[in-house]
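Trainee:
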Amino acid sequence: MTGNVMLIGWHGCECRKLERWLRDQGIAFEYVHPDDVAGPERAAVALVRESGADAPRLPWLEALMKSSGDLPTLVVGEGLVPEQVILATRLGALDVLTDPLCREQLMKAIDEAHVSCLNSTEADVLREDCPAILGTSSQILSVYKQLGVAASNDLNVLLTGETGVGKEVSAYCIHRHSPRAKQPYVAINCTAIPEGLLEAELFGYARGAYTNAVTDGVGRIESAHGGTLLLDEIGDMSLTFQAKLLRFMEDRQFNRLGDSEPRAADVRIIAATNRDLEEDVEAGRFRRDLYYRLTQLPISIPPLRERPDDVRALLRAFVSDVNLNLGLRITGFSDQAEATAVAYHWPGNVRELKNVVYQAAVRARVGCIDDFPLSGGANTQGAADSHTETALTALIQRAIAGGQVRELLEEVEGLTLRSLLEAFAGNRSRVAEELGMSRNTLRARLRLHGLQVEGQ
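Throughout, my numbering is defined as the position within the sequence shown, counted from one, plus 47.
1. With a threshold of 6 Å on Cβ separation, who are the neighbours of L69 within its own chain once the five nearest residues in sequence on each side are excluded?
2. Using C-beta distances below 7 Å, list every residue in its chain close to G211, excluding the 5 sequence neighbours before and after it, in chain order.
3. What residues in its chain sit with their C-beta under 6 Å from that of D298, if we drop five residues either side in the sequence?
4. Please confirm whether A384 and D418 have their CB atoms less than 9 Å apart.
5. Alpha carbon to alpha carbon, what distance is there between H392 and G429?
6. Skipping 5 residues on each side, what residues in its chain have a beta carbon closer than 8 Å to that of R486?
7. Could you tell me the alpha carbon to alpha carbon distance between D327 and N370, rounded to whole angstroms?
8. Give a yes or no on contact between the stretch 262 to 280 and the stretch 222 to 241, applying the rule of three or more CB pairs nearer than 8 Å.
9. Just the C-alpha distance for P119 and G73, rounded to the nearest angstrom, thanks.
10. May I have the straight-line CA-CA distance separating E125 from E248, to the nearest angstrom?
11. Specify whether the stretch 137 to 157 and the stretch 301 to 321 touch according to this definition: at least 3 beta carbon pairs, one from each stretch, less than 8 Å apart.
12. Taking the C-alpha atoms as reference points, what is the distance between V132 and H222?
13. In whole angstroms, what is the alpha-carbon distance linking A156 and D142?
14. Locate the beta strand (DSSP E) running through M53, then write down its first and last residues.
15. Does any heavy atom of the ligand COA sit closer than 8 Å to the C-beta of T258?
16. Quick one, are the C-beta atoms of H224 and G195 less than 9 Å apart?
17. Where does the unbroken alpha helix (DSSP H) through D356 begin, and where does it stop?
18. Give me, in chain order, the residues of the same chain whose beta-carbon lies closer than 6 Å to that of V389; leave out the 5 immediate sequence neighbours on both sides.
19. Would you give the residue range spanned by the beta strand (DSSP E) that G208 belongs to?
20. First and last residue of the alpha helix (DSSP H) that includes G243?
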């Protein structure tokens, strides 16, 4: 099993306490002999028990290193002498722990051992899967390793970080490299769904549960059975709904709205937020018990302004992306443009950087990008982004309150189509490709909005 712990040399009553600690942390384990370690299904970490009675030798560790010398290994010893500690280090043990064993110390050592087994090849795979958190800085390399640890177990994960840092793509990265990778990955944005509809959306509903419920409806939790569920923007969830979510997380059982029959779902929970949940807990805005459930494995993703060296890697990645998706021929950036990008503080983080690269690329179309659309300056641009987001949120809320959501969507679609037609000089094939729809579908949408274009 990926990410489990292999126990070597353990016996007697000491095993029961260790087993309890590992189970409490959701860590799988197995007892094996060193000769049986090799093979594709081997564990991620070995925990070897040694005794000072065997001084100066370490028989179990020596046997393990002969059969599998590259396996991350921890030694736990009773009455070990200095010569044995030195020998353990020389043989390649990552750490030597001595009795009496401390639970917190052991779990920390196991976590660090899991991190060490994320080798360069695995890190490259994570980088390929997670372009939105691409980079080579020490901060982002630490994130790669933590994602690898999260993928190796089934603990609840809380991803924190500012808007746009890559929390969603990190969640998917964890899922893709986990034992649940072949099962569904389902994401739900807790702020995108009105409070009154969130329960039905998450837990499902029974026929007749409300006016338009003419059939049974499967919720996101049920859809994610066997796989992973991302609860994005969980910090904005109401206290009332937090209690309902907590009940599900305690026993993985739920009821569809309007149905008294309990149902079960085996899902791995990943939550994400841009809020400081510890502060919200202290202020009474977030349940403390739910917070503890969610933070079995917390991962914080640093903002782009704290890792400016990663901006260059992201620029290269997004240029390749824009050339592939829009059919442009951008060759790179001028020294001045790159310096501007590195110096800018990117309040919208990676998401903002990607949007700016796309805008600049569409303007340039070919060759080198000489400047970015940051004419208002860093602070002005950040304030403008914040103002735009606030205005859009207010507009959407008014549409919901006035029952005009469909009209709003149609208006936004019309504006989007008009802008894309302008950007691609009326080329409908390019617009259809950008939107991921057929030309016939695009033609119908253009006709609906009175945007017929002659030619292509």
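Where a beta carbon is used, it is the ideal one built from N, C-alpha and C, also for glycine. Here the structure is a predicted model, which is why all the values come from computation and not from measurement.
Mentor: Well, looking at it:
1. If you number the sequence shown from 1, residue 69 lands on position 22. Excluding residues up to 5 positions away in sequence, F76 lie with their Cβ nearer than 6 Å to the Cβ of L69 in the same chain.
2. Here residue 211 corresponds to residue number 164 of the sequence shown, with the count starting at 1. Same-chain partners within the cutoff: G395, N396, V397, R398, E399.
3. Residue 298 sits at position 251 when you count from the first residue of the sequence shown. The answer is none, since no qualifying residue turns up.
4. For the purposes of this step, residue 384 is taken as residue 337 along the sequence shown, with counting starting at 1. For the purposes of this step, residue 418 is taken as residue 371 along the sequence shown, with counting starting at 1. Taking a C-beta distance under 9 Å as the contact criterion, A384 and D418 qualify as a contact pair.
5. Start at 1 with the first residue of the sequence shown, and residue 429 comes out as number 382. Start at 1 with the first residue of the sequence shown, and residue 392 comes out as number 345. Low local confidence applies: a pLDDT of 49 at G429 is under 50, so the model's placement there is unreliable, and no value is given.
6. If you number the sequence shown from 1, residue 486 lands on position 439. Apart from the 5 residues on each side of it in sequence, R486 sits with its Cβ closer than 8 Å to the Cβ of R475, S476, A479 in its chain, given in chain order.
7. Within the sequence shown, the letter at position 280 stands for residue 327. Within the sequence shown, the letter at position 323 stands for residue 370. D327 and N370: Cα-Cα distance of roughly 43 Å.
8. For the pair of segments examined, the stretch 262 to 280 was found to touch the stretch 222 to 241: the number of CB pairs separated by less than 8 Å reaches three.
9. Indexing the sequence shown from 1 puts residue 119 at position 72. Indexing the sequence shown from 1 puts residue 73 at position 26. Between the alpha carbons of P119 and G73 lies a gap of roughly 19 Å.
10. Taking the sequence shown and counting its residues from 1, one reaches residue 125 at position 78. Taking the sequence shown and counting its residues from 1, one reaches residue 248 at position 201. The straight-line gap separating the alpha-carbon atoms of E125 and E248 is approximately 54 Å.
11. No: fewer than three Cβ pairs fall under 8 Å.
12. Taking the sequence shown and counting its residues from 1, one reaches residue 132 at position 85. Taking the sequence shown and counting its residues from 1, one reaches residue 222 at position 175. Between V132 and H222, the C-alpha separation is close to 38 Å.
13. Residue mapping note: residue 156 aligns to position 109 of the sequence shown, counting from 1. Residue mapping note: residue 142 aligns to position 95 of the sequence shown, counting from 1. Their Cα atoms are separated by approximately 7 Å.
14. Here residue 53 refers to the residue found at position 6 when the sequence shown is read from its first residue. Taken as a continuous stretch (DSSP letters only), the beta strand (DSSP E) holding M53 covers 52 to 55.
15. The ligand COA is not part of the structure shown, which contains no ligands of any sort.
16. Here the question's residue 224 lines up with position 177 in the sequence shown. Here the question's residue 195 lines up with position 148 in the sequence shown. The answer is yes: Cβ separation under 9 Å.
17. By one-based count along the sequence shown, residue 356 stands at place 309. Residues 356 to 373.
18. Here residue 389 corresponds to residue number 342 of the sequence shown, with the count starting at 1. Correct list, in chain order: P355, V358.
19. Numbered from its first residue, the sequence shown carries residue 208 at position 161. Going by DSSP, G208 is part of no beta strand (DSSP E) at all; its letter is neither H nor E.
20. Against the sequence shown, residue 243 aligns to sequence position 196. Its alpha helix (DSSP H) spans residues 242 to 250.
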